[in-house]
Amino acid sequence: MEKEYYCSKCKENIDKKVYEYSKKNCGKVLCRGCQEGFVLKVKDVKKDVEKNGEKSGLSNKQSSYRENMIKGRIAETLIEELFLSLDYDVFRYGMENTVPGIMKLLKGVKGDVATNIRRMPDFVIKKGEDVFFVEVKFRANETFTKKNLPEDYPFLNAYFIVVSKKHIKCITYAELIEGKEVTPASKNYLGSRKEFDLDKEVIIDFCKFAVKFFENV
């Protein structure tokens, strides 16, 4: 009996060729319709990156800052789609997602409230009774340490997911405080976190997609 394949998003039955194409090019199993939506989403972010590099009138420092912000958005999109594909409920939590433009309004503003708004994690993810704060970071050098934490970071139970051009790794605030780190040599892969109980094959597929997506960014 021939194996049946289903879209991970809409559950529609798909054939083997669509399955193989989607795994290779999208990092997860999607029907043709859902593939179009996913690919358009990440392509739009990539266009922003390319357009950002062509903007005139920006200093090198400004251009670099914007490019890094957009790389972060790409990483967030990949992680959001990864957890959605694994049947998690994913909620964008950062205030910039809840109140568009607020980060621009807070530029230069000091105070505890403004500081805590800037530090709000990117996502709240939920599966069953388990709920997690998740902060996503893109790091080309695949390094994230205690030194990278903001002073007096308020979300002590947060998880930091570090996306690089090769791997997706994860570390908690508590582990960072203990002196543990994400480095190119560290083994703290996202797929090894028992709290999330993730499908390692799906994560590997997303890692391959990240490699393909970031190679020219």
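Residue 171 in our numbering is what sits at position 166 of the sequence shown, and the numbering runs on without skipping anything. Glycine included, every Cβ here is placed at the ideal spot set by N, Cα and C.
Start-to-end residues for the beta strand (DSSP E) that takes in residue i
i, result
"Glu200", "That residue, Glu200, is in no beta strand (DSSP E); it is neither H nor E in DSSP."
"Tyr93", "Segment: none, Tyr93 is in no beta strand (DSSP E) and carries neither H nor E."
"Ala190", "Counting along the chain, Ala190 falls outside any beta strand (DSSP E), and DSSP gives it neither H nor E."
Alpha helix (DSSP H) segment containing residue i, residue limits
i, result
"Phe214", "Lys205 to Phe219"
"Ala179", "Tyr178 to Glu183"
Integer-rounded CB distance, given that residue j should sit under 8 angstroms from residue i
i, j, result
"Tyr98", "Met125", "6 angstroms"
"Ile173", "Ala145", "Going by Cβ atoms, the distance from Ile173 to Ala145 rounds to 14 angstroms, so no, they are not a contact pair."
"Ser27", "Lys21", "That pair is no contact at about 11 angstroms."
"Val167", "Val136", "Actually they are not in contact, since the Cβ atoms of Val167 and Val136 sit about 21 angstroms apart, beyond 8 angstroms."
"Phe165", "Phe149", "6 angstroms"
Residue i in three-state terms, based on DSSP
i, result
"Glu134", "coil"
"Glu85", "helix"
"Tyr158", "coil"
"Lys22", "helix"
Among the options, nearest to residue i - alpha-carbon criterion
i, options, result
"Pro155", "Phe143, Val167 and Tyr178", "Tyr178"
"Lys131", "Ile79, Lys217, Lys142 and Asp202", "Asp202"
"Lys199", "Lys76, Ile176 and Thr82", "Ile176"
"Asp92", "Tyr164, Lys217, Lys8 and Lys16", "Lys16"
"Glu147", "Cys12, Cys212, Asn18 and Tyr24", "Cys212"
"Phe128", "Leu89, Gly184 and Gly38", "Leu89"
"Asp210", "Tyr24, Val141 and Glu140", "Tyr24"
Cβ-heavy atom distance, residue i to the ligand NAD, below 7 angstroms
i, result
"Lys174", "You won't find the ligand NAD in this model; it holds no ligand whatsoever."
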